[in-house]
Structures are given as C-alpha cells and as structure tokens.
Amino acid sequence: MVALRAGDRDTAVRRLTDAAARTEDLGRVHDIALLLWQQLGEVRRAEALLRRAADANSVPAMSTLGVLLQQMNRPREAEPWLRIAAQTGDADAVNNLGNLLERRGDLAEAVEFWRKAATAGSTMAMSSLALALFTHGHADEARLWCERALLATAGQDEDPAVLGKLALVSRMLDSGQSVPEKPFPGDRTVQDNPVRVEDINDPLGLVAALHRTFLAERDPDVLDAALLASRQAVEQCVAGSPAQAEALRIRGSLLRADFERKREPALLDEAVRAGRAAVEGAHGDRARGYAQSSLGSTFLIKNGVLHDDDALDQAITSLEEARRLLGPDDPEWPGITSTLGGAFTQQHMRTTEVGGGTDLRLIAKAITLLEAAIAATPPRDPELPARLYNLAMAKIQRGALTQDTAMLSEAAVLLQRAVQGMPEQHPARAAAIRMLGALGGSPP
C-alpha cells in the first residue's frame, strides 16, 4: 500500500495482484479487487478477482461484480449475480439489484427491492426509496423513510450521495409542494412513462431525470421539483466541475420554463447568469456546445418577450459558437442550426423595422441555415414540422420583399408539409394554416 500512496501505480498493481494470488481469504480478494477497480482503474483485473471470489460463494463479491458489470454496460451479465446475492438477504446486494432494475426502466420492481434493503438497514436504499416515493406522489411514505435514514445517519461518516438525496427530499417535503400520485413504471411501460429516477446516486442524476420528465409531460409539479433539485445540484457539485456546469445548464432551461409560466423577467436574468456560468465551467467541446446552445435559447426568449435587441445579438453569437463546437455529426446540430436560422430571420425583421430598408443577406443566411437544418433532420423527427414552418416564414419574407412568386410557392408547399405533420395542439399549427390561406393554399 506504500507504493499506492506514493503514486507508483505499476508497483501497486503488481503488489496487489500478487497479494490476491497468495491469499485464500475471499474478503481480502474482494477488497483488493475494489482497490484495483476504484483506485487504479484496473477494471479487467478487478473483474477476474471478483469472479474468483463470487464463484466461491462470496456474497460481497457477487454484489460488487454485479455493480462492476453494470458500469461496464453489461447489465445482462450483472443481473444474475445481483439476484443470487440478493437472495441471501444482504442489504447492499438487494439495494444494488434495485439500482440495476431502475436503470433499465423497471422502477416498480426496483422500489420493491429498495424497500427490502431499506427495511434491512441500507441507508442508500432508504434515500433512493424516499426519492422515488416523493416523485411519484407518495409523500407520507417518503417522509417516513427520509426520517428513518436521517436518524440512522446522524453522527455517522455517511456516503455524500446518501446525504445529498436526503437533503433534497427534505427540502422538497418542507416546501409543502405535492406531486400527483402516479404508478411506478415497469419494463413494459417505461417508454410511455418517462418518470424515472435514473442515476439518482448523485444530485445531478436526479435533476437530469426530473428535467427529462418535465420536458416530456410539462407537469408544473415536476417543474417545481426540478427547480429545487437543480438548486441543490448546483450547491452540492464541486465548484467549477463539469457536473456543476451541467447542473447550471439544466437550471437555465428550467428557469426559462418557469418564466413561460410566471412571466417574471427576473427569471430570465437568473437563467442568463446560470447559462453564462455553465459555459464558463463546461469542459470539452460537446459540453461547451450544449451550454452555448442553452444560453442562446435564453437570449432568444429575452429578445422575443422583452424586445431586447442586444439579447438577439448575443443569442446569435452563442448559437454560432454552439454550432461550431458540435459539428454536423452531433444529434443536436440540426436543432441548433434551425434555431440559429430563426434568429437571423428575427434579425432581418428587426433591421427592416428599425431602418426602413432591408438587408437581403440576413434573410438569405437564415434560409441557408434553415434548409441545412431540414436536410439533417430525419423524416419522422417530431421537430421536422416546426422546422418546415420556420423555413416557410423566412421564404415568405424574402419572396415578399423581392416579389419572387416562385419562392412564395415554395413557402406554400413547406407550410402544407408542416401542417400535415403537426398535431392538432401544436402551437404553430393555427398560424401555419392562416399563412397558408393567405398564400392561396389550403391545409391538407
């Protein structure tokens, strides 16, 4: 262990491997495997040692092997080991099986195992169970398990993940907010019910799950829970870390949604601050690109609602940088490109209104970007109709200014395609139908 503390990695790996080969103590083999995996990143060596101990009926080794295989994206191999270990009643193994089931989408069965592990004394299971119960409308039982966990962890050197989840549940319970009761999704319903608590062993995992749920359902109760979770995640993540930057990016998105609900300009100002901090703290082109994209969206809303021309310029700057950082192979690139095209359309409208003249270069750039976005969008993508509508509006602007009847005809065709693909409740459908009528067309 001296070599490990001194930083001599190769020597540490060799000594640990030799020590494991010499011992018949399965507990020691398990502990050495943990060191190789978690401290030295020797995943394959750790897996081999854990298999050796698990084959000899070591329950801790079975449980840890299951966790390791799951993290290596081999859940089918992990599940049998975790189920065998859980059958012994080992609380950690039962909790780990619950985690695996939740991550594959079977929250209903995961809750059953978390409840068993919590009853057996696992504080990690108590915190996971409390969180799952609260987010599915079972506040009373969530409070019960949260209180039990807080009592069990009092004065103990507890896992920060447990403490973080308990603090979050406590804040949500104390806020007085309520979440409507809803069933826990299982394997067969997970695609239809996106309410998941994926990766809830850290605050960022929770806020990401709540954010996805809100985007899918637009449930105001979920938005309230997500806003609380995002504040908690920003506070608990290491300052300046990639995790904190991602928490800030998500918080900016949630604050935009809160603005749409409350129409309080201060929320947009807070979203801008969160977005700027996310950009500053993001690590790597992909993370920076997503952060810039989110910040650009905030500036666009600020311009559209508050008529802040400076915000429009900043939106274009952020979106152009996001598009450059991500590149056309990124799945978010078409959406960012379309949003940027819409921003140039707005900029063209602004210059026309303010100066009385027009700069066709702006609308031409908008059309080029919008066409590129559509070309990169799959035919069945639910965002395609809105992108067709945006391109149609840009072509109408240019066609009207240049008296280009061919371009106006192209816009009418685009509007017909957009209306055909929009559901009845789509916010742009009525406007698309009106504009199509103005061009002499009729909805399909």
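Mind the numbering: the sequence shown is residues 5 to 448 in this note's numbering, read in order. Glycine residues also receive a C-beta, built at the ideal position from the N, C-alpha and C atoms. The structure presented is a predicted model; accordingly, all values stated were derived computationally and were not measured.
In the DSSP assignment, Leu39 falls outside any alpha helix (DSSP H) and carries neither an H nor an E.
About 4 Å separates the beta carbons of Ala58 and Ala65, which is inside the 8 Å limit, making them a contact pair. Taking each of Glu46, Thr92, Gln429, Pro335 in turn and checking the Cα distance to Leu72, the smallest one comes out for Glu46. Nearest C-alpha to Met397 among Ala380, Gly293, Pro427, Arg433: Arg433. Spanning the alpha carbons of Thr355 and Ala315 requires a straight line of approximately 15 Å. Residue environment analysis places Leu155 among the exposed positions, since fewer than 16 neighbouring C-beta atoms fall within 10 angstroms of its C-beta.
In the DSSP annotation of this structure, the continuous segment of the alpha helix (DSSP H) that includes Leu419 starts and ends at 409-425. In this structure, the beta-carbon distance from Gly345 to Ala368 does not fall below 8 Å.
The three-state reading of DSSP puts Gly70 in helix, counting H, G and I together. Take the alpha-carbon of Gln240 and the one of Arg119: they are about 26 Å apart. Taking Asp161 as reference, the option from Gly308, His34, Ala143, Thr127 with the minimal CA-CA separation is Thr127.
Take Thr362, set aside five residues on each side of it, and the residues of its chain with a beta-carbon closer than 6 Å to its own are Thr356, Leu405, in chain order.
About 10 Å separates the beta carbon of Arg253 from that of Ala212, a gap too long to meet the 8 Å contact definition. Distance from the Cα of Thr302 is smallest, within the candidate group Gly244, Gly125, Thr343, Phe188, for Thr343.
Across the structure, Leu148 and Ala134 are spaced so that their CA atoms are roughly 8 Å apart. Pro164: member of the alpha helix (DSSP H) spanning 164-178, first to last residue. A distance below 8 Å separates the beta carbons of Ala422 and Pro389. Here Met76 is exposed, its C-beta having fewer than 16 other C-beta atoms within 10 Å. Classified as exposed, Lys266 has fewer than 16 neighbouring CB atoms from the shown chains inside 10 Å of its CB.
Unbroken alpha helix (DSSP H) stretches of 4 residues or longer found wholly inside the stretch 213-285: 224-240, 246-266, 269-285, given in chain order. Looking from the CA of Glu28, the closest CA among Ala247, Ser62, Arg49 belongs to Ser62. A Cβ-Cβ distance of about 4 Å is found for the pair Gly256 and Gly279, placing them in contact under the 8 Å criterion.
When DSSP states are grouped into helix, strand and coil, Ala380 belongs to the coil group. Residue environment analysis places Val242 among the exposed positions, since fewer than 16 neighbouring C-beta atoms fall within 10 angstroms of its C-beta.
In the structure shown, Gly93 adopts coil according to DSSP, grouped into three states.
Per DSSP, reduced to three states, the secondary structure at Gln160 is coil, with no helix or strand assignment. In the three-state reduction of the DSSP assignment, Ala136 falls in the helix class. Note on geometry: alpha-carbon atoms of Ala143 and Ser132 lie some 14 Å from one another. In terms of CA proximity to Ala291, Arg327 leads the group Leu304, Arg327, Leu271. Note on Thr15: under 16 other CB atoms within 10 angstroms of its CB, so exposed under the neighbour-count rule. For Leu388, the enclosing alpha helix (DSSP H) has its first and last residue at 388-406. A buried status is given to Glu250, since no fewer than 16 other beta-carbon atoms sit within 10 Å of its beta-carbon.
Going by beta carbons, Ala112 and Phe218 fall outside the 8 Å limit.
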